[in-house]
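Colleague: Counting in the working numbering, the sequence shown runs from 139 upward without gaps. Ideal Cβ placement from N, Cα and C applies to all residues, glycine included. This structure is in structure tokens; I'll ask about it shortly.
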Amino acid sequence: MTRITNGALLFLLFLAVIGLASGGRDFPGDFLRLPSEAMRFFRGEASDASDEDAVGTRWAVLIAGSNGYWNYRHQADICHAYQLLRKNGLKDENIIVFMYDDIAFDPENPRPGVIINHPQGSDVYHGVPKDYTGEDVNVNNFFAAILGNRTALSGGSGKVVDSGPDDHIFIYYSDHGGPGVLGMPTYPYIFADDLNEVLRKKHASGSYKSLVFYLEACESGSIFEGLLDKGLNIYTTTASNAYESSWGTYCPGDDPSPPPEYDTCLGDLYSVAWLEDSDNHNLKTETLRQQYELVKKRTLNDDDVFGSHVMQYGDLTLNKNILFSFLGTDPANENNTFVEENSLRLTTKVTNQRDADLVHFWEKFRKAPEGSNRKIEAQKKFVEAMSHRIHIDNSVKLIGKLLFGIEKGPEVLNAIRPAGRPLVDDWDCLKNMVRSFEARCGSLSQYGMKHMRSFANLCNAGISKEQMAEASAQACCFKINIQAISVVRFVFFVRAGSWGGGESRSEISGPIFSLFISTCSIE
């Protein structure tokens, strides 16, 4: 009888394992998945320390760019991400958290001191480090933390990404955004050119091996499209492409809805997609590309209207890496094998990111007793929000008409550049346009960021800051009874008893404004 060597036995076992693992299925990324027991057989019982040595140190920067209880979901996303990373083995000293920290103990929170990110979810707030809170959540500190520049910090814990050339960095941002811009709870906002310059500086310092950036915001693709250089060892995914909104989820009236005592959205669709996927899989066997494919499917929500297109940018070859290199992994998931289908439930109803505050105010109005101060206050908040939207929307439209004429104005403001090109060529011009508008028309706020493309198009069309200043002054110098317009719309919602059908809750300001137009002259 022919003697079979130990090596031959191992080879035969390997072939058998391949047959069991593949099962004739193709996985995203063409990456062979082995059951965890077989992986341990070939790899050996690696300790946590040896795993850490193999990938260097894992660093994470988590940032919620908003404040206010109506923006509950952004801080809930960030707290969930922190709990995931801690459970997966990252150390507190390597996780930097930016969040305003104003919702856990907000009087409106039905569970004081508790934050949840899922209708049946547990508390994700406990133990979250208070590295940068309140006014310390700002652009300067965020950039300084990424660059490891302690001397540039103002306030906060002083924690920065003090990484080395073998380390892996994960950055996750959740908030409102607009074309080329990301919100922050304190002025100024984050502009795409500045963020990409920070990433280039981080690469030039030689202080990481690879960097992954997950970005939740409206028009978030515009932050990297045409801007993120190849060869930086950076891989990013975004909640939407450069032209569309992202979506809140677990909102009142959605499916699934939050517990009845909540009147705000608990999460964001892209964010809960990657977080819940990471909660349920062995991240030693799932690649970045595989998670991207699953998150893309769930975030699209089987509907181009009530979903968004998750995008990827940067060095796409990095998406072959396993998530473990950046996020660690939960030992409890070690026996969970990757499956191509997304076993997580698709959300059937979601809320436009920019309308989540209106949902909150509407729910407060709907639940408050008739004639109560709470009902009056909720109506006031709703009307104020509507007033601001109408003012911003129609001021921008009028500026376009003043600069280019009634017919050409909308065409210029709404123009979209070909895919792959950045939003604007001159970013300083864009910032000047925004400053000029806000000086004469008031703050854009989180809703008004949607008009950044219009301001960029003014720059691309050659409009000077002096022309913009004059047009803004003329567009915003007349007084309009915005409150009256908003009350009319509010009464309509009340009489309808709802938001009215299944349409998107976006673009709810409209042509009623034209009934109140008056003109003025520049002094």
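Residue 248 to residue 522, Cα distance in whole Å?
Modeller: 24 angstroms
Colleague: Looking only at DSSP bridge pairs, what is residue 196 linked to?
Modeller: DSSP, once it has assigned bridges, lists 306 as partnering residue 196.
Colleague: Secondary structure at residue 528, three-state DSSP: helix, strand or coil?
Modeller: helix
Colleague: Leaving out five residues on either side along the sequence, give the residues of the same chain with a beta carbon under 7 angstroms from the beta carbon of residue 294.
Modeller: 269, 270, 274, 279
Colleague: Buried or exposed: which applies to residue 574, given that a residue is buried once 16 or more other Cβ atoms fall within 10 Å of its Cβ?
Modeller: buried
Colleague: Near residue 228, what residues of its chain come up, given a Cβ to Cβ distance below 7 angstroms and the 5 sequence neighbours on each side ignored?
Modeller: 196, 198, 466
Colleague: Below 8 angstroms CB to CB, which residues in the same chain sit around residue 257 once its five sequence neighbours on both sides are set aside?
Modeller: Cβ within range, chain order: 388, 394, 395, 396, 397, 404.
Colleague: Give the range of the alpha helix (DSSP H) segment to which residue 437 is assigned.
Modeller: 426-438
Colleague: Under a Cβ-count criterion, where at least 16 other Cβ atoms within 10 Å of its own Cβ denotes burial, should residue 545 be classed as buried or exposed?
Modeller: exposed
Colleague: Rounded to whole angstroms, what is the Cα-Cα separation between residue 511 and residue 503?
Modeller: 10 angstroms
Colleague: Nearest CA to the CA of residue 315: which residue from 519, 362, 372, 305?
Modeller: 362
Colleague: Going straight from the alpha carbon of residue 204 to that of residue 340, what length do you get?
Modeller: Each residue's alpha carbon lies about 25 angstroms from the other.
Colleague: Do residue 307 and residue 352 have their CB atoms nearer than 8 angstroms?
Modeller: no
Colleague: When you compare the segment 449-458 with the segment 486-505, are there three or more beta-carbon pairs, one atom per stretch, that lie closer than 8 angstroms?
Modeller: no
Colleague: Opposite residue 235 in the DSSP bridges: which residues?
Modeller: 200
Colleague: Suppose you measure from the CA of residue 320 to the CA of residue 384; what does that come to, to the nearest Å?
Modeller: 13 angstroms
Colleague: Quick one, are the C-beta atoms of residue 326 and residue 238 less than 8 angstroms apart?
Modeller: no
Colleague: Just checking: is the beta-carbon of residue 221 within a distance shorter than 8 angstroms of some beta-carbon in chain B?
Modeller: You won't find chain B in this structure, because it holds only one protein chain.
Colleague: Which class does residue 414 belong to by DSSP, given the choice of helix, strand or coil?
Modeller: helix
Colleague: Alpha helix (DSSP H) containing residue 450: first to last residue?
Modeller: Note, residue 450: premise wrong, no alpha helix (DSSP H); beta strand (DSSP E) at 449-452.
Colleague: Can you tell me whether residue 468 is buried or exposed? The criterion is at least 16 other CB atoms within 10 Å of its CB, across all chains shown.
Modeller: buried
Colleague: So what does DSSP say about residue 575, is it helix, strand or coil?
Modeller: In the three-state reduction of the DSSP assignment, residue 575 falls in the helix class, which pools H, G and I.
Colleague: Since residue 534 contacts residue 561 with CB under 8 angstroms, what's their CB separation in whole angstroms?
Modeller: Going by Cβ atoms, the distance from residue 534 to residue 561 rounds to 16 angstroms, so no, they are not a contact pair.
Colleague: Quick one: what's got a C-beta closer than 7 angstroms to residue 669's C-beta in the same chain, skipping five residues either side?
Modeller: Nothing about residue 669 can be read from this structure; the chain reaches only from 139 to 661.
Colleague: Spell out the partners DSSP gives residue 385 in its beta bridges.
Modeller: 490
Colleague: With DSSP as the reference, please indicate the residues paired to residue 550 in a beta bridge.
Modeller: Its beta-bridge partners do not exist; DSSP assigns none.
Colleague: Which of the three DSSP states, helix, strand or coil, is assigned to residue 537?
Modeller: helix
Colleague: For residue 348, list the residues DSSP reports as bridge partners.
Modeller: 306
Colleague: Output the distance between the C-alpha atoms of residue 287 and residue 277, rounded to the nearest integer angstrom.
Modeller: 13 angstroms
Colleague: Near residue 537, what residues of its chain come up, given a Cβ to Cβ distance below 7 angstroms and the 5 sequence neighbours on each side ignored?
Modeller: 609, 610, 613
Colleague: Measuring straight from C-alpha to C-alpha, what distance separates residue 587 and residue 572?
Modeller: Rounded to whole angstroms, residue 587 to residue 572 spans 10 angstroms at the Cα level.
Colleague: Helix, strand or coil for residue 455 per DSSP?
Modeller: helix
Colleague: As a quick exercise: from 519, 607, 222, 240, pick the residue whose alpha carbon is nearest that of residue 418.
Modeller: Of the listed residues, the one whose Cα sits closest to residue 418 is 222.
Colleague: Within 10 Å of its beta-carbon, does residue 566 have 16 or more other beta-carbons around it, so buried, or fewer, so exposed?
Modeller: So residue 566 ends up on the exposed side.
Colleague: Could you compute how far the alpha carbon of residue 299 sits from the alpha carbon of residue 210?
Modeller: 27 angstroms
Colleague: Just how far apart, CA to CA, sit residue 509 and residue 516?
Modeller: If you take the alpha carbons of residue 509 and residue 516, they lie about 11 angstroms apart.
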